[in-house]
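Asker: Going by my numbering, 244 is the number at position 240 of the sequence shown; the sequence numbering is gapless.
We put the beta carbon where it would ideally sit given N, CA and C, even for glycine.
Keep in mind the model is a prediction, meaning the values are calculated, not measured.
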Amino acid sequence: MQQKNVPTGIGLGLRSRLMKAIERGEADGEIAFLEISPENHMHRGGSSPARFLKLADRFPIITHSLAMSLGGTGPFDAGYMGEMKRFLDRFGGAWHSDHLCFCGADGRALHDLLPIPFTKVCAQRVADRIREVQDRLGRPMLIENISYYQALGHSEMDEATFVAEVLERADCGLLLDVNNVYVNAKNHDFDPYAWLKTIPLHRVRQLHVAGHERWDETMLIDTHGAEVLPEVQDMMSWVIERIGPTPVLLERDRHIPPLAEMLREVRALDAVYQAAVARHAANRAQA
Ligand SMILES: [Fe+2]
């Protein structure tokens, strides 16, 4: 499944809190790639473009956006898409990704990643929009499975079947967030491994892992504000053993510790990752 010119191993998301330490070289040789959100860099003036260019020289860049609203109903914002294409033509890699959700209505941004009804009609509509985005950006898209707290409308199928349906209809790749699967599994009471066995694993091009926090006895919240749970690491390992070397992003958006602490978690994750890669290689050798 590994593609040419695609980094593999554990990467970090570029966050302003970590930027100076990364610029000082403290992450050199420690991370496989940086994942960045183009929205944070597209309209920036001052020293920001030059600083970003230096980082892009140092690390492979994987792009991941937040505001496309692939599951929305209105037309895509032409200005946003044009600016995105210019950015990706300059800095983008083998693909671009965004979420399987809607995040705006009637031309207004909702600043949240909201679920789409799990129906065949919606799967087809989203798949058509993903194909349109791929055409407009001139590159393959990955879609990321989100965490959600309430299914919207009447569901004709479960989430995993819906994700699989969209992937097949759009013929696109999956950015598999195993923490989102875990959080959803706990909140909606299903087996996360049954979920993983339902989706087409051969379409997984990238993984996200993150930590979450407990809201109360019945609900987990996907805050990206804590270390990755062993159970979520196990899910990453299960997937990597089956698909082989793949870029895995450690996401952290709240309670971001100093870079040295993040790198300790990167190394711990990398040990789990490398063991899974070794099992993958051994399985292939036996086959
Ligand atoms: Fe994610």
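1. Between which two residues does the beta strand (DSSP E) containing Val232 stretch?
2. Which residues in the same chain as Thr227 place their Cβ atom closer than 7 Å to its Cβ, once the five residues preceding and following it in sequence are excluded?
3. Return helix, strand or coil for Gly76, following the three-state DSSP convention.
4. Are there 16 or more other CB atoms within 10 angstroms of the CB of Ala289, so buried, or fewer, so exposed?
5. By the three-class DSSP mapping on this structure, what secondary structure does Arg21 have?
6. Give me the pocket residues for ligand 1, defined as CB within less than 5 Å of any heavy atom, sorted by chain position.
7. Rounded to whole angstroms, how far is the Cβ of Leu254 from the Cβ of Val208, which I believe are closer than 8 Å?
8. Using three-state DSSP, classify Asp53 as helix, strand or coil.
9. From Ala25 to Thr67, what distance separates their C-alpha atoms?
10. How would you call Pro262, buried or exposed, if buried means at least 16 neighbouring beta carbons within 10 angstroms?
11. Tell me which residues share the same chain as Arg140 and place their Cβ nearer than 8 Å to its Cβ, disregarding the 5 neighbours each side in the sequence.
12. Taking only three categories from DSSP, how would you classify Asp325?
13. Relative to the C-alpha of Arg62, which candidate in Leu224, Val170 and Leu18 has its C-alpha closest?
14. Please state if the CB of Val182 and the CB of Met239 are separated by a distance shorter than 7 Å.
15. Could you tell me the distance, in whole angstroms, from the CA atom of Asp93 to the CA atom of Pro53?
16. Name the two residues that bound the continuous alpha helix (DSSP H) containing Val281.
17. State the beta-bridge partners of Arg218 as determined by DSSP.
18. Spatial neighbours of Tyr152 within its chain, please: CB distance less than 6 Å, with the 5 preceding and 5 following residues excluded, ordered by chain position.
19. One question on the structure: do Ile203 and Ala155 come within less than 7 Å of each other, judged by their Cβ atoms?
20. Leaving out five residues before and five after Gly75 in sequence, what residues of the same chain have Cβ atoms less than 7 Å from its Cβ?
21. Given a cut-off of 7 Å on the beta-carbon distance, is the pair His206 and Arg143 in contact?
Answerer: Taking the coordinates as given:
1. Within the sequence shown, the letter at position 228 stands for residue 232. Element bounds for Val232: n/a, residue is neither H nor E.
2. Within the sequence shown, the letter at position 223 stands for residue 227. Excluding residues within five positions, the ones whose Cβ falls inside 7 Å are His216, Glu217 and Arg258.
3. Sequence index remark: in the sequence shown, residue 76 carries index 72 (1-based). Coil at Gly76, not helix or strand.
4. Numbered from its first residue, the sequence shown carries residue 289 at position 285. The residue is exposed, with fewer than 16 neighbouring Cβ atoms inside 10 Å.
5. Looking up residue 21 in the sequence shown gives position 17. In this structure, Arg21 counts as helix in the three-state DSSP scheme.
6. Residues flagged by the Cβ proximity filter: Asp181 and His212.
7. Taking the first residue of the sequence shown as position 1, residue 254 is located at position 250. Taking the first residue of the sequence shown as position 1, residue 208 is located at position 204. So it is not a contact: roughly 17 Å between Cβ atoms.
8. Translated into positions along the sequence shown, residue 53 becomes position 49. For clarity, residue 53 is Pro in the given sequence; the question names Asp instead. Under the three-state reduction of DSSP, Pro53 is assigned to helix.
9. Working through the sequence shown from its first residue, we reach residue 25 at position 21. Working through the sequence shown from its first residue, we reach residue 67 at position 63. Ala25 and Thr67 have their alpha carbons spaced roughly 21 Å apart.
10. The residue given as residue 262 occupies position 258 in the sequence shown. Exposed, because fewer than 16 other Cβ atoms sit within 10 Å of the Cβ of Pro262.
11. Mapped onto the sequence shown, residue 140 falls at position 136. Spatial neighbours of Arg140 in its own chain (CB-CB distance under 8 Å, excluding positions within 5 residues in sequence) are listed in chain order as Phe80, Met85 and Lys89.
12. Here the chain has residues from 5 to 291 only, and residue 325 is not among them.
13. Stepping through the sequence shown from its first residue, residue 62 is reached at position 58. Answer by Cα proximity: Leu18.
14. By 1-based counting over the sequence shown, the position of residue 239 is 235. By 1-based counting over the sequence shown, the position of residue 182 is 178. Judged by their CB atoms, Met239 and Val182 are nearer to each other than the 7 Å cut-off.
15. What you label residue 93 is simply residue 89 of the sequence shown in a count that begins at 1. What you label residue 53 is simply residue 49 of the sequence shown in a count that begins at 1. Rounded to the nearest angstrom, the two C-alpha atoms are 15 Å apart.
16. Within the sequence shown, the letter at position 277 stands for residue 281. Unbroken alpha helix (DSSP H) run through Val281: Leu263 to Gln290.
17. Your numbering for residue 218 matches position 214 in the sequence shown. Answer is Leu224.
18. By 1-based counting over the sequence shown, the position of residue 152 is 148. Excluding residues within five positions, the ones whose Cβ falls inside 6 Å are Pro119.
19. Walking along the sequence shown from the start, residue 203 turns up at place 199. Walking along the sequence shown from the start, residue 155 turns up at place 151. Going by C-beta atoms, Ile203 is not nearer than 7 Å to Ala155.
20. As a working mapping, residue 75 is identified with position 71 in the sequence shown. So the list reads Leu104, Cys105, Phe106, Ile120 and Val130, once near-sequence residues are dropped.
21. As a position in the sequence shown, residue 206 is number 202, starting the count at 1. As a position in the sequence shown, residue 143 is number 139, starting the count at 1. No, the pair does not count as a contact, with Cβ atoms beyond the cut-off.
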